[in-house]
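Okay, structure first, notes after.
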Amino acid sequence: MSTERNATLFPFSDRSRELQSAVAGFVAQRIVPAEIAFHAHAADPQTRWTIPPLLESLKAEAKARGLWNLFLPDPMHGAGLSNLDYAPIAELTGRSLFAPEVFNCSAPDTGNMEVLLHFATPEQQAPWLPRLLAGEIRSAFAMTEPDVASSDATNIALPIVRDGDEFVINGRKWWTTGAGDPRCELLIVMGVTDPDAPAHRRQSMVLVPMATPGVRVLRPLTVFGYDDAPHGHVEI
Ligand SMILES: Cc1cc2nc3c(=O)[nH]c(=O)nc-3n(C[C@H](O)[C@H](O)[C@H](O)COP(=O)(O)OP(=O)(O)OC[C@H]3O[C@@H](n4cnc5c(N)ncnc54)[C@H](O)[C@@H]3O)c2cc1C
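Position in the sequence shown (first residue = 1) + 45 = our numbering.
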């Protein structure tokens with residue numbers, strides 16, 4: 046169903062309409078013309094796993110115009126839009142591979158920021174959430190494992206074992222989107238902390254800094270031949 050038809054059935058707020066117009070203009074005038082440069086950067090073996098400088102300057106411009114964290118319904122930290130009001134904006138940014146990040150609205154950071162906002166303690170939020178909201182760092186979500194059918198999260202097998210004040214995590218994840226990005230500083234890792242519990246209560250998620258000894262990015266995986274540098278979907 047088209048956005049126009051949806052708008053009749055589910056009317057957007059005035060604020061959403063204003064943002065739709067501003068985002069559409071920014072995508073058309075600032076982002077689409079930059080795509081040639083982005084693709085050239087990603088095609089060059091010397092630069093493809095680095096961040097195009099143009100991306101950071103476009104982010105700064107979008108932020109200055111208030112086109113920032115539009116995905117986040119929380120009005121303190123984000124735009125405070127409902128899903129209905131945000132949906133047409135996501136549709137507009139979906140026109141370009143780079144646009145969601147320019148507005149700090151790209152996966153997996155969006156979901157990770159919401160997880161941190163809703164479920165992390167202030168101590169857990171402090172090192173990560175403000176910098177993610179500011180677009181200074183990126184994050185990744187590590188659930189899928191090569192050895193199990195990971196579409197069913199009850200199959201996830203990576204053990205997370207408490208050892209005094211530490212957790213020992215040994216295992217292999219793959220398809221971890223964004224962990225190839227040099228700015229990625231945080232992994233949200235899903236594993237098993239209580240193997241004897243009922244199937245849906247065995248799992249936990251832990252915050253693992255990318256700089257933790259033992260975290261190793263092994264290789265980028267490809268989809269139809271594309272590795273989606275510089276973010277990648279990597280095996281860790
Ligand atoms: C571009 C890309 C980005 C991704 N990013 C991330 C990421 O950031 N973090 C992350 O953790 N993962 C990520 N993934 C992985 C993705 O979440 C998994 O590929 C997906 O959940 C499926 O899991 P799987 O690959 O283990 O396939 P499987 O679970 O093995 O599924 C393979 C097929 O078997 C079917 N199947 C599975 N179990 C059963 C069953 N019991 N009965 C019948 N049929 C079954 C499924 O429907 C599917 O058709 C990404 C994948 C891609 C392609």
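Virtual Cβ for every residue (Gly too), placed ideally from N, Cα, C.
Where residue i sits in the DSSP three-state scheme
i, result
"P175", "helix"
"R264", "strand"
"Q248", "strand"
"G223", "coil"
"L231", "strand"
"S141", "coil"
"S285", "This structure cannot speak to residue 285, because the chain is shown only from 46 to 281."
"I76", "helix"
"I205", "strand"
"H163", "helix"
Cβ-Cβ distance between residue i and residue j below 8 angstroms
i, j, result
"F143", "E80", "yes"
"M188", "S195", "yes"
"L112", "F148", "yes"
"Q248", "I201", "yes"
"V262", "G225", "yes"
"E280", "M255", "no"
"V234", "V206", "no"
"S141", "I182", "no"
"M158", "L137", "no"
Proximity winner among the options, relative to residue i (alpha-carbon distances)
i, options, result
"A190", "N157, H278, R60 and A67", "The identity of residue 190 in the sequence shown is Glu, whereas the question assumes Ala. Comparing Cα positions, the closest option is H278."
"V213", "A105, T53 and G236", "G236"
"V72", "A224, G180, M121 and L103", "L103"
"V268", "A244, N128, T222 and T257", "T222"
"A124", "L178, A69 and V260", "L178"
"L64", "P204, L115 and K218", "L115"
"F122", "T257, G180, R246 and E136", "The sequence shown places His at residue 122, not Phe. Looking at the Cα atoms, G180 is the closest of the given residues."
Cβ neighbour criterion (16 or more within 10 Å) applied to residue i
i, result
"P145", "buried"
"S127", "exposed"
"T53", "exposed"
"A109", "exposed"
"H163", "exposed"
"S61", "buried"
Please determine if the segment 82 to 97 and the segment 131 to 138 are in contact, where contact requires at least 3 C-beta pairs separated by less than 8 angstroms. As far as the Cβ criterion goes, the segment 82 to 97 does not touch the segment 131 to 138, which means the pair count is below three.
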